[in-house]
Amino acid sequence: MKKIWIKDIKDYEGQEITLQAWLYNKRSSGKLHFLQLRDGTAEIQAVIFKGNVTPEVFELADKITQESAIEVKGTVKKHDRSKIGYELDATDVKIISGSDDYPITPKEHGPHFLMEHRHLWLRSLKQNAILKIRHRIIKSIRDFFDNHGFTLVDAPIFTPNACEGSTTLFETDYFDQKAYLSQSGQLYMEAACAAVGKAYCFGPTFRAEKSKTRRHLTEFWMVEPEVAYMDIFEDMDLAEEFVEYIVQQVVEHCRPELETLERDVSKLENIKRPFPRISYDEAIEILHKKGNDTPWGEDFGGDEETLISEEFDKPVMIHHYPMSVKAFYFKQDGEKAACVDMIAPEGYGEIIGGGQREEDIDKLLAKIHEQGLSEETFDWYLDIRKYGSVPHAGFGLGIERTVAWLCGLSHVRETIPFPRLMDRLKP
Ligand code: 4AD
Ligand code: MG
């Protein structure tokens with residue numbers, strides 16, 4: 001017998017079918033039991049009328065506990081008031097596997113309790129919607145780059161190089177050497193773009209973030225395009241087209257999920273090019289006008305990002321930060337770095353960091369020395385500048401920050417199936 005998934009229920013109107021699902025809620029009144037079923041693809045209500053089933057089945061239905069796996073036979077009927085538009089008029093119910101004392105009840109639980117039970121919490125309708133939207137974001141990312149002539153080039157996870165500074169490195173023994181878990185695949189994409197022109201990598205990245213914030217994970221997913229012969233301004237064009245595409249794909253394909261999350265979709269529909277672009281200097285001016293006294297030359301934190309984002313209803317690109325607050329690899333432009341950060345609207349923070357890379361070997365070497373990095377571990381990276389060095393640029397988009405923004409979640413812990421935080425390694 002072919003397995004029937006709830007999302008396909010419309011194809012079976014008027015037919016008697018058997019569904020396998022979990023019970024996520026139940027309500028009874030006299031001669032009726034209403035079983036709320038979910039199978040991960042969608043939800044449907046099964047109605048058990050005393051007159052339609054044997055007394056044993058009616059009694060069994062009364063005793064089914066939350067998250068039991070059950071099989072329900074019944075006729076598919078149109079039901080306009082339900083989300084899926086149908087319900088199942090049941091004639092038989094069987095228990096496949098019971099579930100006693102399921103810890104997550106329909107009442108409210110605190111975030112710590114829910115995180116401890118993350119492996120079960122994922123079954124909730126809200127978490128299911130987030131997983132679906134995350135999936136759509138990732139699919140859109142792959143489609144975008146595949147449709148724009150990029151080649152996927154996988155970057156390694158073990159690396160000898162600190163790409164994003166030495167303070168957030170996870171160090172590990174690598175036989176008789178020291179290795180780090182990758183903070184970013186960028187350096188490898190710079191090598192790759194000289195091989196394939198337009199490259200991107202997509203994988204987990206790691207940072208030993210010692211602060212507990214709502215925007216930082218220790219393991220997060222990043223997609224990193226890198227393009228040969230591209231400058232900082234074309235890099236911003238690419239980032240803008242890319243983010244517009246992802247957001248509009250989610251709006252187009254994830255309506256029911258956005259509804260489950262009570263997300264204001266009109267705010268997302270508005271995310272169309274062009275996005276505002278301001279320089280770091282202009283960003284400082286905005287902050288000062290709003291009473292934030294960050295001095296020129298300092299980096300922005302979450303508070304500053306939120307204040308700046310309040311001025312715009314689209315993502316804002318802040319470019320040309322002082323070189324002193326940015327990583328060694330950026331192309332220098334006077335005292336500024338040819339860099340860009342994209343800040344999401346509604347206070348969701350920086351979703352993209354990127355820019356144009358230094359293509360001059362002497363300037364790059366000076367930076368490596370200045371920042372106390374080991375020239376020896378970067379010898380391969382310097383080779384990219386020795387053999388046919390060209391201008392090139394790229395960026396990294398953080399998946400979890402993007403999921404938080406599109407789903408309207410205040411904390412990144414719900415944006416990834418099994419989050420890794422400073423104080424969380426389990427489940
Ligand atoms: O701005 P970042 O540090 O840039 C880079 O790593 C570059 N090497 C990327 C490149 O140019 N190829 O990180 C990029 C993005 C941030 O904008 C943010 O969205 C996300 O990665 N991110 C984090 N997300 C969750 N938890 C963390 N600890 C994050 N750190 C960065
Ligand atoms: Mg950054």
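For the sequence shown, the working numbering gives the first residue as 1, with consecutive numbering after it. Every residue, glycine too, gets a C-beta built ideally from N, C-alpha and C. Quick caveat, the model's predicted, so the values are computed rather than measured.
Check: DSSP puts Leu-23 in a beta bridge; with which residues?
Finding: Translated into the one-based positions of the sequence shown, residue 23 becomes position 23. Answer is Leu-37.
Next item on the list: Just the C-alpha distance for Gly-435 and Ala-191, rounded to the nearest angstrom, thanks.
Entry: The chain is shown from 1 up to 427; residue 435 falls before or after that span and cannot be answered.
Check: Which ranges does the alpha helix (DSSP H) cover as unbroken runs of at least 4 residues, wholly within the stretch 99-148, from first to last along the chain?
Finding: For secondary structure counted as the alpha helix (DSSP H) over 4 or more consecutive residues, the stretch 99-148 holds these complete runs in sequence order: 111-116, 118-121 and 125-147.
Item checked: For Trp-221, the residue or residues it bridges with in DSSP -> Position 221 of the sequence shown, counted from the start, is the residue given in the question as residue 221. Note: Trp-221 sits in a beta bridge opposite Pro-204.
Note to self: Does the beta-carbon of His-216, which I'm using as the reference point, lie nearer than 7 Å to any heavy atom of ligand 1?
What the structure shows: Taking the first residue of the sequence shown as position 1, residue 216 is located at position 216. Within the cutoff, so yes.
Item checked: Of the residues Phe-330, Cys-407 and Glu-376, the one placed nearest Glu-346, counting alpha carbons only -> Position 346 of the sequence shown, counting from 1, holds the residue named residue 346. Put simply, of Phe-330, Cys-407 and Glu-376 the residue whose alpha carbon is nearest the alpha carbon of Glu-346 is Cys-407.
Notebook entry, point to check: DSSP three-state call for Tyr-245: helix, strand or coil?
Noted result: Position 245 of the sequence shown, counting from 1, holds the residue named residue 245. Helix, per DSSP.
Item checked: From Phe-206, Met-222 and Gly-51, residue whose alpha carbon lies closest to that of Arg-134 -> Taking the first residue of the sequence shown as 1, we reach residue 134 at position 134. Of Phe-206, Met-222 and Gly-51, the residue nearest in Cα terms is Met-222.
Item checked: Length of the line joining the Cα atoms of His-392 and Gly-353 -> For the purposes of this step, residue 392 is taken as residue 392 along the sequence shown, with counting starting at 1. For the purposes of this step, residue 353 is taken as residue 353 along the sequence shown, with counting starting at 1. One alpha carbon belongs to His-392, the other to Gly-353, and they sit about 15 Å apart.
Checklist line | Close-in-space but distant-in-sequence residues of the same chain around Ile-70 (CB under 8 Å, 5 per side omitted) | finding: Within the sequence shown, the letter at position 70 stands for residue 70. In chain order, Gln-20, Ala-21, Trp-22, Leu-23, Leu-35, Leu-37, Ile-64, Val-93, Lys-94, Ile-95 and Ile-96 place their CB closer than 8 Å to the CB of Ile-70, counting only its own chain and leaving out the 5 sequence neighbours on each side.
Note to self: Closer than 8 Å is the cut-off here; do at least three beta carbon pairs connect the stretch 153-168 with the stretch 121-140?
What the structure shows: As far as the Cβ criterion goes, the stretch 153-168 does not touch the stretch 121-140, which means the pair count is below three.
Checklist line | For Val-47, the nearest candidate out of Gly-40, Thr-41 and Leu-32 (CA to CA) | finding: Taking the sequence shown and counting its residues from 1, one reaches residue 47 at position 47. When only C-alpha atoms are compared, the closest one is Leu-32.
Check: If we ignore side chains and look at the alpha-carbon of each, how far apart do Arg-413 and Glu-262 end up?
Finding: Stepping through the sequence shown from its first residue, residue 413 is reached at position 413. Stepping through the sequence shown from its first residue, residue 262 is reached at position 262. Arg-413 and Glu-262 have their C-alpha atoms some 18 Å from each other.
Check: Who are the Cβ neighbours of Ile-284 in its own chain at under 7 Å, not counting the five residues just before and after it?
Finding: Your numbering for residue 284 matches position 284 in the sequence shown. Once the five neighbours on either side are set aside, the close Cβ partners of Ile-284 are Thr-294 and Trp-296.
Next item on the list: Give a yes or no on whether 8 Å exceeds the smallest Cβ distance from Ile-104 to chain C.
Entry: In summary, chain C is missing from the structure at hand, where a single protein chain is found.
Note to self: Let's see if you can read the secondary structure: which residues bound the alpha helix (DSSP H) around Ser-68?
What the structure shows: By one-based count along the sequence shown, residue 68 stands at place 68. It is not in any alpha helix (DSSP H) - Ser-68 carries neither H nor E in the DSSP assignment.
Checklist line | Collapsed DSSP secondary structure at Leu-409 in the structure displayed | finding: Taking the sequence shown and counting its residues from 1, the one referred to as residue 409 is at position 409. Leu-409: coil per DSSP, three-state reduction.
Check: What are the boundary residues of the alpha helix (DSSP H) that includes Glu-386?
Finding: Your numbering for residue 386 matches position 386 in the sequence shown. Here residue 386 turns out to be Lys, not Glu, going by the sequence shown. It spans 379-386 - the alpha helix (DSSP H) in which Lys-386 sits, taken as one unbroken run.
Next item on the list: Please work out which residues of its chain come closer than 8 Å, Cβ to Cβ, to Lys-363, disregarding the five sequence neighbours upstream and downstream, and give them in chain order.
Entry: Stepping through the sequence shown from its first residue, residue 363 is reached at position 363. Annotation for Lys-363: Gln-332 place their beta carbon closer than 8 Å to its own, counting only its chain and skipping 5 residues before and after.
Checklist line | Three-way DSSP call (helix, strand, coil) for Gly-354 in this model | finding: Taking the sequence shown and counting its residues from 1, one reaches residue 354 at position 354. Correct three-state label for Gly-354: strand.
Check: Quick one: does the C-beta of Leu-429 sit closer than 7 Å to a heavy atom of ligand 1?
Finding: The chain is shown only over 1 to 427; residue 429 falls outside these bounds and no answer can be derived.
Check: What's the gap between the Cα of Lys-50 and the Cα of Lys-107?
Finding: Stepping through the sequence shown from its first residue, residue 50 is reached at position 50. Stepping through the sequence shown from its first residue, residue 107 is reached at position 107. If I take the Cα positions, the gap works out to 29 Å.
Notebook entry, point to check: Between Gly-353 and ligand 2, is the CB less than 7 Å from at least one heavy atom?
Noted result: Here the question's residue 353 lines up with position 353 in the sequence shown. If you check the C-beta of Gly-353 against ligand 2, you find a heavy atom less than 7 Å away.
Check: Applying the criterion that 16 or more other CB atoms from any shown protein chain within 10 Å of the CB defines a buried residue, is Val-316 buried or exposed?
Finding: Position 316 of the sequence shown, counted from the first residue, corresponds to residue 316. Val-316 comes out buried.
Check: From Asp-100, Tyr-102, Trp-121 and Asp-101, pick the residue whose C-alpha is nearest to that of Gly-110; which is it?
Finding: If you number the sequence shown from 1, residue 110 lands on position 110. When only C-alpha atoms are compared, the closest one is Trp-121.
Next item on the list: Along the alpha helix (DSSP H) that carries Thr-260, what are the first and last residues, could you check?
Entry: Mapped onto the sequence shown, residue 260 falls at position 260. In the DSSP annotation of this structure, the continuous segment of the alpha helix (DSSP H) that includes Thr-260 starts and ends at 255-260.
Next item on the list: Round the Cβ separation of Glu-400 and Phe-150 to the nearest angstrom and send it over; I've been treating them as touching at under 8 Å.
Entry: On the sequence shown, position 400 is the one that residue 400 refers to. On the sequence shown, position 150 is the one that residue 150 refers to. About 22 Å separates the two Cβ atoms, so there is no contact after all.
Note to self: At a cut-off of 7 Å, would you count Arg-134 as near ligand 1, judging by its Cβ distance to the nearest heavy atom?
What the structure shows: Your numbering for residue 134 matches position 134 in the sequence shown. Relative to the non-hydrogen atoms of ligand 1, the Cβ of Arg-134 never comes closer than 7 Å to any of them.
Next item on the list: Along the beta strand (DSSP E) that carries Ala-90, what are the first and last residues, could you check?
Entry: In the sequence shown, the residue the question calls residue 90 occupies position 90. From DSSP, the beta strand (DSSP E) with Ala-90 extends over 86-97.
Check: Touch check for the stretch 365-383 and the stretch 318-331: three-plus C-beta pairs under 8 Å?
Finding: Yes, they touch.
Next item on the list: Compare the beta carbon distance of Ile-84 and Ile-9 with 8 Å and say whether it is the shorter of the two.
Entry: Residue 84 sits at position 84 when you count from the first residue of the sequence shown. Residue 9 sits at position 9 when you count from the first residue of the sequence shown. Less than 8 Å separates the beta-carbon of Ile-84 from that of Ile-9.
Note to self: Whether or not the stretch 238-251 and the stretch 211-218 are in contact is what I'm after, with contact meaning three or more pairs of Cβ atoms, one per stretch, closer than 8 Å; do they touch?
What the structure shows: Too few Cβ pairs lie closer than 8 Å, so no.
Check: How about Gln-183 and Phe-206: do their beta carbons lie closer than 8 Å?
Finding: In the sequence shown, the residue the question calls residue 183 occupies position 183. In the sequence shown, the residue the question calls residue 206 occupies position 206. Going by C-beta atoms, Gln-183 is nearer than 8 Å to Phe-206.
Check: Straight-line CA distance for Tyr-321 to Lys-336?
Finding: Counting from one through the sequence shown, the residue named residue 321 turns up at place 321. Counting from one through the sequence shown, the residue named residue 336 turns up at place 336. Approximately 6 Å, taken between the alpha carbons.
Note to self: Any heavy atom of ligand 1 closer than 7 Å to the beta-carbon of Ser-184?
What the structure shows: As a first step, residue 184 is located in the sequence shown; it is residue number 184 there, counting from the start. Answer for Ser-184: yes, Cβ within range of ligand 1.
Next item on the list: To the nearest angstrom, report how far apart Ala-42 and Pro-204 are at their CA atoms.
Entry: Counted from its first residue, the sequence shown places residue 42 at position 42. Counted from its first residue, the sequence shown places residue 204 at position 204. Going from the Cα of Ala-42 to the Cα of Pro-204 covers about 29 Å.
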